[in-house]
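Just so you know, the sequences run in chain order A and B.
Under the working numbering, the first sequence has 574 at position 494, and the numbering climbs by one with no breaks.
Under the working numbering, the second sequence has 715 at position 635, and the numbering climbs by one with no breaks.
A short write-up of the structure that comes next.
Number of protein chains: 2
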Amino acid sequence: MKELKRNIYLCMKTLDEAERIWGDRVSCLRTRLERVPTAQALHRVTGEPLTARRSVPHYHGAAMDGYAVKARATYGAGDVRPMILKVGENAFPVDTGDPLPGDTDAVIMIEHVQPVKQDEIEIRAAAFPWQHVRKVGEDIVAGELILPLNHLLRPVDLGALLAAGVLEVPVYAKPKVWIQPTGTELVAAEEAAESAPGQIVEFNGVVLSGLVRECGGEPLLQPIIDDRYPVLRERMEAALASEADVVLFNAGSSAGTEDYTAAILGEVGEVLVHGVTMMPGKPTLLGLARGKPVVGIPGYPVSALLAFEQFVRPLLFSLQGVSAPAFPETEAILGRKLPSRLGLEEFVRVILGRVAGKLVAMPLQRGAGVITSLTRADGILRIPQELEGMEVAAPTKVRLLRSREQLDRTLIMIGSHDNTLDVLANELKKRDSRVHLSSSTVGSLGGLLAVRQGHCHLAGSHLLDTVTGEYNFSHIERYLKGTPVRLVRLAARTQGFLLKPGNPKGIRGVRDLVRPDVTFLNRQAGSGTRILLDYLLQKEDLASQGIVGYDQEEFTHMAVAVNVLSGRADTGMAIFAAARALDLDFVPVTEEQYDLVIPESEWEDPKIRMLLDIVVSGPFRRTVAAMGGYDTARSGELVGRWDGREWLLRERT
Amino acid sequence: MKELKRNIYLCMKTLDEAERIWGDRVSCLRTRLERVPTAQALHRVTGEPLTARRSVPHYHGAAMDGYAVKARATYGAGDVRPMILKVGENAFPVDTGDPLPGDTDAVIMIEHVQPVKQDEIEIRAAAFPWQHVRKVGEDIVAGELILPLNHLLRPVDLGALLAAGVLEVPVYAKPKVWIQPTGTELVAAEEAAESAPGQIVEFNGVVLSGLVRECGGEPLLQPIIDDRYPVLRERMEAALASEADVVLFNAGSSAGTEDYTAAILGEVGEVLVHGVTMMPGKPTLLGLARGKPVVGIPGYPVSALLAFEQFVRPLLFSLQGVSAPAFPETEAILGRKLPSRLGLEEFVRVILGRVAGKLVAMPLQRGAGVITSLTRADGILRIPQELEGMEVAAPTKVRLLRSREQLDRTLIMIGSHDNTLDVLANELKKRDSRVHLSSSTVGSLGGLLAVRQGHCHLAGSHLLDTVTGEYNFSHIERYLKGTPVRLVRLAARTQGFLLKPGNPKGIRGVRDLVRPDVTFLNRQAGSGTRILLDYLLQKEDLASQGIVGYDQEEFTHMAVAVNVLSGRADTGMAIFAAARALDLDFVPVTEEQYDLVIPESEWEDPKIRMLLDIVVSGPFRRTVAAMGGYDTARSGELVGRWDGREWLLRERT
């Protein structure tokens with residue numbers, strides 16, 4: 081039986097305190113110096129000032145193609161009194177870079193010379209001494225400082241060093257970083273194709289290796305080990321005895337592991353910080369053992385990244401004598417209220433887009449285990465520990481994960497989830513790799529509200545009017561008073577019930593949901609699918625209280641599908657494409673209209689133009705049709721135009 | 081005898097035209113796709129959309145340490161009615177990440193459980209279904225899009241892919257770039273330790289290789305070849321037949337070479353652009369041969385960099401399906417008037433520093449051959465072809481070569497040149513690697529003017545008052561009316577005449593300068609050394625017209641020294657340290673005071689504090705003393721305080 085302990089943080093610190101304590105102890109450390117050939121020193125940092133071994137140029141040379149002359153000999157030449165020079169006698173042909181022959185001290189450009197005979201030229205202006213001559217030391221003088229110490233070497237720096245005869249440079253050794261994945265439950269990615277429940281694919285090691293490389297370090301990624309004390313202890317000893325400059329233990333996802341690592345660090349060295357009031361990233365461990373910085377990196381991927389960036393990144397740069405470059409930041413306004421716990425520095429992943437001139441930040445999922453909250457994010461917003469959260473439209477600083485130009489090319493789509501959005505995102509990338517579709521799935525109603533607040537370029541919506549049977553029109557009338565929009569058909573799609581393959585519970589329709597042996601999985605309130613379900617229940621006069629799992633909500637069609645597949649529920653309502661993607665059975669219920677709601681103010685945006693162009697294109701329609709359950713016959717049609725008070729155009733179904 | 085031809089540009093284009101022509105023809109090209117293991121795909125670009133092979137998590141797992149239970153079985157538990165659960169029967173200990181055992185569907189956190197007996201626990205609140213459970217597909221659902229195509233892979237992306245079971249990724253092959261140095265005059269850096277006049281060290285190849293790497297490409301650096309037609313033609317054929325995706329011919333510094341390359345390109349393919357109205361960078365050649373982009377890169381190092389950045393950099397990114405990241409830019413004001421030729425897009429290297437809140441750009445040397453104008457530069461300013469130059473204090477955009485934070489930590493020093501400034505720069509780096517001393521040597525008087533205009537943090541000055549024999553005081557009174565400054569002694573230093581070793585011309589002092597057999601090398605007007613010389617001539621009643629080379633000016637002590645060494649002049653006036661650095665003989669003339677002039681407004685700047693702290697420190701004094709010819713006894717002393725109208729403090733000598 082497992083031993084259970086409370087996860088006790090002995091030296092819990094605020095983020096600021098932890099950074100100060102860590103900096104005080106490790107920022108003075110440097111890696112040893114090593115000499116590398118200059119041609120291979122790109123992006124290394126100089127460990128000594130570098131002075132020129134030779135002058136550049138090291139001789140007086142022609143700076144132009146032409147004739148080298150002695151300037152004094154040309155005095156008196158002019159337009160009225162041209163002068164003839166004898167080639168090989170008092171005028172010598174030179175190309176750029178050639179040394180000046182004999183006692184010549186000037187070059188006359190070829191353009192200013194008239195050939196007279198085979199060996200005679202005519203000039204019509206005197207040369208002044210040293211004209212068009214690259215003089216010795218014009219660029220670099222021997223003994224001069226070329227680069228100071230602690231300088232990150234760029235391509236041009238290597239050129240200057242080679243020119244100055246510096247063929248080898250003393251640079252800080254790349255910090256070697258021991259990366260130790262720990263966790264009995266971990267399996268290597270290559271072995272995990274069919275991994276069993278309880279097995280977690282180890283991927284933090286690769287992420288940390290990449291981050292180490294980006295800081296100029298060299299990762300020493302170790303094989304996975306069990307998180308048992310003797311094993312951990314032995315590997316810690318091995319790490320400290322190794323050539324590694326920094327030791328990272330990645331705790332797996334078990335709190336037990338972290339406890340061991342902290343205990344072992346206490347035995348072999350000194351624990352400086354155990355636990356930081358940041359989220360994600362709380363279980364961070366910082367210490368020193370035998371002169372080496374040791375960091376316990378939390379197991380959840382978002383926590384791991386944040387712990388690395390706060391504590392390991394600055395260390396890897398300072399080990400090389402430079403400071404870590406600041407992360408690019410931008411000002412944005414918050415697109416949704418964000419609660420947060422007082423006393424906790426929270427890092428929230430957001431998508432960012434410029435809507436009507438304002439940069440809007442929409443929070444993504446906050447779970448520390450959700451790695452896609454990082455891959456999908458455009459930025460990271462920090463809620464200081466003094467705040468209990470932030471209000472909607474609050475101005476805030478956001479650290480950028482994409483470039484500023486990319487943000488200006490990001491289309492923010494908020495609203496209902498649909499599998500065709502992936503197709504749209506890809507087709508946009510194909511047309512213009514710089515255009516990026518960031519979508520936040522908050523349900524159809526959430527999309528309309530985001531349009532009203534001016535927080536998105538477009539919304540996806542399939543809101544059924546239970547009276548008219550029409551989609552979206554009446555909801556726009558109700559929620560978008562004063563906000564002109566256009567409504568474009570994306571696709572018609574089939575909604576129905578997802579079922580385990582073979583339909584073991586024999587579910588045929590909505591009436592089966594109230595059977596006590598049937599577990600249901602719902603979509604969140606405000607989603608079009610939820611509205612559809614409630615309408616169906618009402619039509620059949622069924623009470624939602626009678627449905628097991630009615631209060632269990634998921635946010636996307638695919639989440640419903642995967643949970644039906646996994647057995648969490650017997651059925652749930654979703655689009656056919658979701659059933660097909662996971663080979664589930666499907667009972668169709670209705671065909672519904674999924675529309676794009678585009679604010680009038682964004683209608684002429686070139687990104688919207690491109691998107692609408694894609695929606696009517698062959699490749700988009702074919703790909704979507706192949707997903708199953710979609711009708712794209714009317715994709716791209718303008719079905720409504722709302723001026724904020726009335727419909728200027730409105731299709732009648 | 082050399083054949084001389086005019087360098088004719090057949091297809092000369094403006095920069096904009098050239099970029100458009102080039103983009104139209106090459107931006108559609110892509111490298112082939114290759115599959116690489118995900119763990120090795122850092123910074124590569126996806127060539128296809130990547131979808132998840134598996135869900136993450138792929139099982140329902142505990143999100144907390146605690147006990148897995150069936151939620152329904154806990155209903156009714158509360159503070160007044162605690163419930164006992166049997167461990168192993170209806171409560172199962174789980175660590176974070178463990179799969180939920182049996183038909184459990186919730187986890188109760190270990191903190192909310194009271195152990196009762198060995199196998200019994202007490203709870204005081206009911207669990208709700210799926211609390212503290214990481215549900216199947218919560219992060220990623222099988223079939224879902226993980227990353228679109230044309231996406232640059234970051235460390236977290238690799239993690240998400242591995243988690244989703246994507247072990248290999250199709251990415252664009254790294255563009256291979258053939259780099260061909262050409263030029264009969266070129267020698268490899270390793271062989272150039274004692275190279276003869278006329279030999280130029282080849283270093284562009286290493287610079288271009290580094291630039292290619294920074295664009296995600298793979299350089300194929302070739303050995304140097306002669307710039308004779310048959311050799312060039314043969315290597316062009318070899319390059320086109322090779323695996324290279326892009327061919328760069330680096331023209332050496334001879335215009336003849338470029339002509340051959342253009343001619344050969346016309347024979348084997350198509351010349352699109354030959355000559356661009358940019359400076360530096362005019363002799364750029366753009367073309368296509370057998371489907372491969374071919375670029376003739378000019379020979380001068382600054383030209384080579386600019387041609388690469390304008391034409392090769394965007395190509396290397398687009399070959400990989402992404403756009404080149406924009407260069408960081410900033411607004412600055414120009415610290416000096418900049419003339420420029422109409423019709424020529426000019427790129428000027430500048431140093432940048434924040435002085436009194438304004439970011440000031442001071443132009444550096446403009447020669448295309450001066451590689452240190454790049455290594456020393458903080459930014460590059462572009463003068464559009466429509467302008468005939470820019471006025472002092474004109475606002476301008478500057479492309480940054482250092483980060484914004486670095487600029488805020490740059491000390492701008494303008495004025496007289498002294499060898500101790502290198503020592504200062506290094507000592508600053510040692511104290512704080514982020515602090516950077518950028519100096520522009522324009523002479524003592526230029527320094528005072530920069531102080532008056534608020535364009536520097538400090539100036540270096542050694543201006544002799546020929547009446548009083550004092551340094552700097554009277555010039556400050558004259559030029560800094562209304563500008564309060566403090567005057568701090570940097571060092572006293574010995575000025576004198578530099579002589580070739582052994583003093584072959586027997587020069588003993590200033591009277592020898594008027595000898596017809598003696599060639600002199602002067603410093604520029606406005607420099608302290610020039611003022612000193614003119615004072616000495618006047619005292620001895622000697623006419624400057626009688627001095628051969630009086631009109632030949634250099635800008636630094638070291639430039640004078642190296643030109644005396646090279647034989648360009650028999651003597652020149654400079655400080656002893658310059659003579660010592662190059663083993664020249666020296667006739668001392670006088671000891672002078674070199675002072676730092678620090679505007680009152682900058683006096684409390686922490687960088688100035690640090691600099692003054694260094695000036696009084698042992699290491700600085702010792703290093704400077706070891707250079708010879710310096711007296712550092714009073715280094716760091718405040719010798720004057722000027723309030724803009726009168727001296728509040730003034731040493732009397």
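C-beta: ideal position from N, C-alpha, C; glycine also.
Source: prediction; values computed, not measured.
Can you tell me whether residue i is helix, strand or coil according to DSSP?
i, result
"L480 of chain B", "strand"
"L109 of chain B", "coil"
"V642 of chain A", "helix"
"K256 of chain A", "strand"
"A153 of chain B", "helix"
"F391 of chain B", "helix"
"T341 of chain B", "helix"
"T357 of chain A", "coil"
"F553 of chain B", "helix"
"E248 of chain A", "strand"
"P699 of chain B", "helix"
"L728 of chain A", "strand"
"L95 of chain A", "helix"
"Y630 of chain A", "coil"
"G527 of chain A", "helix"
"I737 of chain B", "Residue 737 of chain B lies beyond the residue range present for chain B, which begins at 81 and ends at 733; the question has no answer from this structure."
"A685 of chain A", "The residue you asked about is not Ala; residue 685 of chain A is Asp in the sequence shown. DSSP places D685 of chain A in coil when its eight states are reduced to three."
"N602 of chain A", "strand"
"V677 of chain A", "strand"
In whole angstroms, give me the CA-to-CA distance for residue i and residue j.
i, j, result
"E426 of chain A", "S383 of chain A", "11 Å"
"L225 of chain B", "N330 of chain B", "44 Å"
"E717 of chain A", "K509 of chain A", "23 Å"
"P277 of chain B", "H231 of chain A", "31 Å"
"L291 of chain B", "I259 of chain B", "11 Å"
"V392 of chain A", "S322 of chain A", "18 Å"
"V568 of chain B", "M493 of chain B", "14 Å"
"R701 of chain A", "L570 of chain A", "10 Å"
"C91 of chain A", "V267 of chain A", "31 Å"
"Q632 of chain B", "S483 of chain A", "50 Å"
For residue i, return the contacting residues in chain B, with the cut-off set at a CB-CB distance below 8 Å.
i, result
"N643 of chain A", "K215, V216, G217"
"G401 of chain A", "S513"
"Y252 of chain A", "The premise fails here: Y252 of chain A is roughly 11 Å from chain B at the closest Cβ pair, so nothing lies under 8 Å."
"I305 of chain A", "None at all; the shortest Cβ gap to chain B is about 16 Å."
Using a cut-off of 9 Å between C-beta atoms, extract the partners of residue i located in chain B.
i, result
"A661 of chain A", "V221, A222, G223, E224"
List the residues of chain A whose Cβ lies closer than 7 Å to the Cβ of residue i, in chain order.
i, result
"E485 of chain B", "A406"
"P179 of chain B", "P277, G278"
"W210 of chain B", "Q632"
Any heavy atom of the ligand FMN inside 7 Å of the beta-carbon of residue i?
i, result
"G437 of chain B", "This structure does not include the ligand FMN; it has no bound ligands of any sort."
Run through chain B and tell me which residues come within less than 7 Å of residue i, C-beta to C-beta.
i, result
"A240 of chain A", "I451, T452, T455"
Counting only Cβ pairs nearer than 9 Å, list the residues of chain A close to residue i.
i, result
"A505 of chain B", "P129, L225, P228"
"D502 of chain B", "P129, T131, E224, L225, P228"
Review point. Closer than 7 Å, Cβ to any Cβ of chain B: which residues of the stretch 451–468 of chain A, in chain order?
Key: From the stretch 451–468 of chain A, only I451, T452, L454, T455 have a Cβ closer than 7 Å to chain B.
Practice item. Would you list, in sequence order, the uninterrupted beta strand (DSSP E) runs of no fewer than 3 residues that lie entirely inside the stretch 278–323 of chain B? Key: Runs of the beta strand (DSSP E) inside the stretch 278–323 of chain B: 280–282, 298–301.
Exercise for review: Mind checking the stretch 688–715 of chain B against chain A and listing, in chain order, the residues whose C-beta falls within less than 8 Å of any C-beta there?
Suggested key: Of all residues in the stretch 688–715 of chain B, none is placed with a Cβ closer than 8 Å to any Cβ belonging to chain A.
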